[in-house]
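Residue numbers (full-length UniProt numbering): 1 to 167.
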């Protein structure tokens with residue numbers, strides 16, 4: 001076993017290849033389970049694209065594995081302008097997470113426009129903006145625009161909640 005681990009040392013990309021291959025097999029199995037009636041007018045059918053994606057995932061996995069086994073190696077990331085020694089800014093992270101959690105808790109009961117306003121307004125406050133009225137008005141406008149954008153543009157009805165019958 002030690003010779004196997006020694007031979008694979010520095011080849012962590014094989015893990016990525018394994019994940020790509022597993023995802024390809026999963027997509028193939030899921031697509032194979034689709035039940036579709038035969039249609040002469042649609043010879044391609046809904047299984048075609050998932051089968052193509054599954055095949056491409058498996059081919060990429062094989063090509064990556066072959067490349068790594070032949071000595072190919074990914075370049076180290078150049079990095080970002082981030083000081084990893086600096087601790088997380090919990091004064092920003094916690095209120096931001098709170099805005100997301102509050103959105104999740106409110107969306108079914110209060111509706112998207114109210115919960116979206118809380119999400120957008122809470123996010124800008126957590127990120128440091130102190131223009132309370134302006135940010136609140138922009139948050140309401142964004143929530144209304146996304147509500148009607150989904151409904152009119154995509155045909156997807158977001159929950160209206162407390163504003164049912166008004167929107």
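Ideal placement from N, C-alpha and C gives every residue a C-beta, glycine not left out.
Only a predicted model underlies this, so the values are computations on that prediction, with no experimental measurement involved.
Residue burial classification, residue i (beta-carbon count within 10 angstroms, cutoff 16)
i: residue 88; result: exposed
i: residue 115; result: buried
i: residue 109; result: exposed
i: residue 121; result: buried
i: residue 20; result: buried
i: residue 112; result: buried
i: residue 27; result: buried
i: residue 105; result: exposed
i: residue 65; result: buried
i: residue 158; result: buried
i: residue 85; result: exposed
i: residue 97; result: exposed
Alpha carbon of residue i to alpha carbon of residue j, nearest angstrom
i: residue 13; j: residue 22; result: 14 Å
i: residue 63; j: residue 69; result: 10 Å
i: residue 102; j: residue 118; result: 8 Å
i: residue 133; j: residue 140; result: 11 Å
i: residue 60; j: residue 72; result: 14 Å
i: residue 49; j: residue 55; result: 10 Å
i: residue 145; j: residue 130; result: 23 Å
i: residue 147; j: residue 137; result: 15 Å
i: residue 45; j: residue 57; result: 20 Å
i: residue 152; j: residue 32; result: 34 Å
i: residue 166; j: residue 29; result: 45 Å
i: residue 36; j: residue 99; result: 42 Å
i: residue 150; j: residue 34; result: 28 Å
i: residue 47; j: residue 135; result: 46 Å
i: residue 155; j: residue 90; result: 39 Å
Residue nearest to residue i in terms of C-alpha spacing, selected from the options
i: residue 178; options: 142, 107, 111 and 112; result: With the chain covering 1 to 167 only, the question about residue 178 has no answer from this structure.
i: residue 52; options: 86, 24, 11 and 33; result: 24
i: residue 128; options: 103, 150, 161 and 92; result: 92
i: residue 74; options: 137, 138 and 17; result: 17
i: residue 95; options: 126, 46 and 15; result: 126
i: residue 162; options: 85, 36 and 107; result: 107
i: residue 11; options: 67, 47, 35 and 167; result: 67
- At 4 residues or longer, and completely inside the UniProt domain "DUF1468" (17 to 159): list those alpha helix (DSSP H) runs for me, N to C. Complete alpha helix (DSSP H) runs here, min 4: 48 to 69, 90 to 110, 112 to 126 and 132 to 148.
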